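Okay, structure first, notes after.
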Amino acid sequence: MQIIRGATTIKKDEKNQIVYAVKDLLDEIFSLNNLKKEETIGIVFSLTTDIHSFHPAKAARVCGYDFAPLFACVEPDIVGGLPLCIRVMVMVEVSPSRLVKHVYLEDAKMLRADLSSIYNIALDGPAGSGKSTVAKILAKEYNILYLDTGAMYRACALKAVRENVAPQDSEGVKKLLEYLDVKVEYLDGAQHTYLDGEDVSDKIRANEVSMAASHISAHPCVRIKMVEMQRVIAKQMSCILDGRDIGSTVLPDAKFKFYLTADSAIRAKRRYDELLERGQNVDFDKLHAEIVQRDKQDSEREFSPLVCANDAIVIDTSEMSIDEVVAKIKSYIQQGI
Ligand code: DC
C-alpha cells in the first residue's frame with residue numbers, strides 16, 4: 106500500500122467552496138497519479154477547526170468519489186497554522202516501486218513547496234565525490250526520483266565492450282548507437298539500467314566499464330542521445346540528477362545546482378572500499394591513477410565536459426561525512442523552496 110498526500114485551502118467557510126476544493130484536490134491526485142478506482146483503499150480528510158459548513162467526505166461523495174470508504178476528522182488548532190485548510194490522505198493499493206505524486210494546491214502549497222511543483226536538483230562532480238550516495242538520500246527525503254546519469258553512459262560502454270568496439274573509436278561507436286537500446290526503470294525506488302532488455306545494473310559497476318564509460322561519454326553523438334533521455338525524464342517529475350554536466354548542459358535551468366568535489370586520494374579510497382564491498386579486488390594505486398586519468402578525460406573533453414556551472418554551490422566533501430553533506434545541501438534547498 107502507498108499513501109498519497111494532499112492539501113488545499115478555501116477562502117471562506119462555504120459549502121460550494123468546500124465541494125470545489127475537495128473535487129479539485131482529488132481530481133488532481135487521481136489524474137496526476139493515473140489512479141484507478143479499484144486501486145483506492147480509502148480516503149481520509151482532516152480539516153482545520155474553522156471549517157463547519159460542509160463535510161469534506163460528503164463533498165467527495167457528491168463529486169463521484171463514492172467508490173472508496175471516506176472519513177474526515179478535525180485537526181487540533183495550531184498557533185500560526187494555515188487557516189481554512191483541508192488535508193487528505195489517499196490510501197492506494199499500488200506497487201511500492203511506483204513513484205506517487207503528492208498534491209498541494211492554493212495556499213497549502215506553502216506547506217510542502219517541495220512537493221507542489223516540478224523541480225530538479227543538479228548534482229555534478231568528479232567520480233567518488235559522494236554524489237550518488239547523497240543523491241539517493243535526498244531523493245528519498247524529498248520523495249523525488251534519483252536519476253543516475255553515469256549509469257546510462259556505463260551501459261553504452263558495456264555495449265561497446267561486449268561488441269568489441271573500442272570506446273575511443275568514433276566511427277565504431279556511431280554505428281553502435283544505431284541499435285543501442287539503453288533504458289532506465291525504477292523498482293522499489295531504485296534505478297535499474299537495462300541494455301538490450303537485460304538488467305545490467307551490477308555489471309556496469311565493473312572497473313573496466315568505468316574507464317570505457319569515460320571514453321565513450323566524450324563522443325557528442327553519445328551525449329546527445331543520453332542528454333535527450335535525461336531531459337525527457339526530468340521534465341516529467343521532480344528529480345535529482347547526478348553527473349558531470351547536469352547543471353551546465355542537461356538542465357541549465359535546474360532550480361538547485363550543487364558541485365561536489367574532494368581530494369583525488371580520498372575519492373580513490375571511497376571507490377576502493379566500495380569495490381571491495383562488492384567483492385572486486387583492485388589495486389589502490391592503480392585505482393587512484395585511473396580516477397586522476399578519468400578526471401582529466403572528463404574535464405578536458407571538448408563536448409560538454411565535467412564543469413562546475415557558474416551558479417552551482419560548490420561543496421568540498423574531503424573532510425565531511427555523508428550526513429554533513431546531506432545537511433548542507435538540505436539547508437540550501439530549504440532556503441530556496
Ligand atoms: O558517475 P559515474 O562514475 O558512474 O560516470 C561514469 C562515466 O560517465 C564518467 O567517467 C563520466 C561519464 N559521465 C558523463 O560524462 N556525464 C554524465 N552526466 C555522467 C557520467
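Residue numbers (this note's numbering): 106 to 442.
No residue lacks a Cβ here, since even glycine has one placed at the ideal position from N, Cα and C.
Keep in mind the model is a prediction, meaning the values are calculated, not measured.
1) Given that a residue counts as buried once 16 or more other Cβ atoms are within 10 Å of its Cβ, and exposed if not, what is residue 362?
2) Below 8 Å CB to CB, which residues in the same chain sit around residue 299 once its five sequence neighbours on both sides are set aside?
3) Please give the ranges of any beta strand (DSSP E) in the segment 371-401, keeping only runs that are unbroken, at least 3 residues long and fully inside the region.
4) Taking the alpha helix (DSSP H) that residue 121 falls in, what are its first and last residues?
5) Using 10 angstroms around the beta-carbon of residue 329, count the other beta-carbons present and answer buried if the total reaches 16, otherwise exposed.
6) Since residue 111 is in the alpha helix (DSSP H), which residue starts that stretch and which ends it?
7) Output the distance between the C-alpha atoms of residue 153 and residue 205, rounded to the nearest integer angstrom.
8) Are residue 142 and residue 172 close, meaning C-beta to C-beta below 8 Å?
9) By DSSP's criteria, residue 297 is part of a beta bridge. Which residues make up the other side?
10) Based on the DSSP output, what are the partners of residue 361 in its beta bridges?
11) Using a Cβ distance threshold of 8 Å, determine whether the segment 251-270 contacts the segment 314-329, with at least three qualifying pairs required.
12) Would you give the residue range spanned by the alpha helix (DSSP H) that residue 171 belongs to?
13) Which residue wins for smallest C-alpha separation from residue 439, given the options 117, 191 and 216?
14) Are the Cβ atoms of residue 130 and residue 145 separated by less than 8 Å?
Reading from the atomic positions:
1) buried
2) 260, 286, 287, 288, 289, 290 and 305
3) Here no run is fully enclosed.
4) 120-137
5) exposed
6) That residue, residue 111, is in no alpha helix (DSSP H); its beta strand (DSSP E) goes 107-114.
7) 25 Å
8) By the CB criterion at 8 Å, residue 142 and residue 172 fall inside the cutoff.
9) Bridge partners of residue 297: 290.
10) 226
11) yes
12) Here residue 171 belongs to no alpha helix (DSSP H), and DSSP marks it neither H nor E.
13) 216
14) no
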